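Trainee: Everything in the first sequence is counted per my numbering, starting at 10 for the first residue and increasing by one. All C-beta atoms in this analysis are idealised placements derived from N, C-alpha and C, irrespective of residue type, glycine included. Since the structure is predicted, the reported quantities are computational estimates derived from the model, not experimental observations.
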Amino acid sequence: MKALVPRAFYLDPPEVVARELLGKLLVRRYEGKRLVGRIVEAEAYCGIDDPAAHAYAGKTERNAVIFGPPGFAYVYFIYGMHYCLNISCEPKGHAGCVLLRALEPVEGLDVMARNRGLAPGSDLRLLTSGPGRLCQALAITRLTHNGIDVTSVRSGLHVEDDSRAAGSVEVSRRVGIRKAADRPLRFALAGNRFVSR
DNA sequence: GGAGCGATGTCCT
DNA sequence: GGACATCGCTCCG
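1. Could you compute how far the alpha carbon of Glu50 sits from the alpha carbon of Gly126?
2. Which residues does DSSP list as the beta-bridge partners of Val45?
3. Between the Cα of Gly77 and those of Ala197, Arg16, Arg192 and Val178, spot the shortest distance and give me the residue it belongs to.
4. Roughly how far, in whole angstroms, is the beta-carbon of Val36 from the beta-carbon of His167, given that I think they are within contact range, below 8 Å?
5. Would the region 127–137 count as touching the region 61–78 if we require 3 or more Cβ pairs under 8 Å?
6. At what residues does the beta strand (DSSP E) containing Phe196 begin and finish?
7. Taking the runs of the alpha helix (DSSP H) that are 4 residues or longer, which of them lie wholly in the region 117–162?
8. For Lys42, count neighbouring Cβ atoms within 10 angstroms of its own Cβ and tell me buried if that reaches 16, exposed if not.
9. Output the distance between the C-alpha atoms of Asn201 and Leu30, rounded to the nearest integer angstrom.
10. What is the rounded straight-line gap between the Cα of Gly80 and the Cα of Ser97?
11. For Arg192, which of Ala12, Glu24 and Ser161 has the nearest alpha-carbon?
12. Leu109 bridges to which residues according to DSSP?
13. In chain order, what residues of the same chain lie with their CB nearer than 8 Å to the CB of Val115, ignoring the 5 residues before and after it?
14. How is the alpha helix (DSSP H) around Cys27 delimited, first residue to last?
15. Could you give the DSSP three-state label for Asp191: helix, strand or coil?
16. For Tyr39, collect the residues of the same chain with a Cβ closer than 8 Å to its Cβ; drop the 5 residues on either side in sequence, then sort them by chain order.
17. Is Ser164 helix, strand or coil when you go by DSSP?
18. Return yes when the Cβ of Glu169 is within less than 9 Å of the Cβ of Ala207, no when it is not.
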């Protein structure tokens, strides 16, 4: 049975939410279709206590969403060409968030391939294995999705729990950062072929 | 299959 | 002006 993940789920600290998001479904409503991926990799960013987090330098116009209430999308633009999707967690005023790094494609694979500019039948790992890739596959941009409520089905982007057992979780260091790189805040489903790198 | 590197916008010092 | 929570292409084995 599929259930919408409620706002209370995101009240916990980011390292808890990141781990518990594994195995859940990210659902994007797009052109009348459902684009669905199972979350297989996520990283925690721990607000103003975490030198690697966007929130570390304090609240700005860009990162305001992560200082707001839990369960909202923080989408930012990086390296001049990629978007990354985070979900805010912890109560309003606390700046934790979780970066979604990889999905296992479940539904709408043909549309994902088109959005990624890939021929049908290409390696499925190219669809959504990586934070920039999954945003492109699901047509998620800052303009369309930053600040939207992922606990509302009407947002066109939400998280579902289909009660499938997630399996064992592998913990490692976060990818692509320089500051606080030694902290074990990356969580992935062990052995899943859609985990990035 | 792995290391090296260029692309390219936005934010912050 | 530099850094950046990335990706895909080249070149080399």
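Mentor: Taking the structure as given:
1. As a working mapping, residue 50 is identified with position 41 in the first sequence. As a working mapping, residue 126 is identified with position 117 in the first sequence. One C-alpha to the other measures close to 23 Å.
2. Taking the first residue of the first sequence as position 1, residue 45 is located at position 36. BP columns for Val45 point to Val36 and Glu116.
3. Numbered from 1 along the first sequence, position 68 holds the residue referred to as residue 77. With distances taken between Cα atoms, Gly77 lies closest to Arg16.
4. The sequence position of residue 36 within the first sequence is 27, counting from 1. The sequence position of residue 167 within the first sequence is 158, counting from 1. Yes, they are in contact, since the Cβ atoms of Val36 and His167 sit about 6 Å apart, within 8 Å.
5. no
6. As a first step, residue 196 must be located in the first sequence, where it is residue number 187. Segment Arg195 to Leu198, the beta strand (DSSP E) holding Phe196.
7. 118–125, 134–137, 140–146 and 151–154
8. Numbered from 1 along the first sequence, position 33 holds the residue referred to as residue 42. Exposed is the call here.
9. For the purposes of this step, residue 201 is taken as residue 192 along the first sequence, with counting starting at 1. For the purposes of this step, residue 30 is taken as residue 21 along the first sequence, with counting starting at 1. Spanning the two alpha carbons is a distance of roughly 15 Å.
10. What you label residue 80 is simply residue 71 of the first sequence in a count that begins at 1. What you label residue 97 is simply residue 88 of the first sequence in a count that begins at 1. Their Cα atoms are separated by approximately 5 Å.
11. Reading the first sequence from its first residue, position 183 is the one you call residue 192. When each option's Cα is compared against that of Arg192, the closest is Glu24.
12. By 1-based counting over the first sequence, the position of residue 109 is 100. Looking at the DSSP assignment, Leu109 forms a beta bridge with Ala51.
13. Counting from 1 along the first sequence, the entry for residue 115 is found at position 106. Closer than 8 Å at the Cβ level, and outside the excluded window around Val115, lie Leu34, Val45, Gly46 and Arg47.
14. What you label residue 27 is simply residue 18 of the first sequence in a count that begins at 1. This sequence places Ala at residue 27; Cys is not what is there. That run of the alpha helix (DSSP H) goes Pro23 to Leu30.
15. The sequence position of residue 191 within the first sequence is 182, counting from 1. Coil.
16. Position 30 of the first sequence, counted from the first residue, corresponds to residue 39. Correct list, in chain order: Gly117, Val120, Leu147, Ala148 and Gly165.
17. Residue numbering aside, residue 164 sits at position 155 when the first sequence is read from its first letter. Of the three classes helix, strand and coil, the one that applies to Ser164 here is helix, per DSSP.
18. This structure does not reach residue 207, given that the chain is present from 10 up to 206, and the question cannot be answered.
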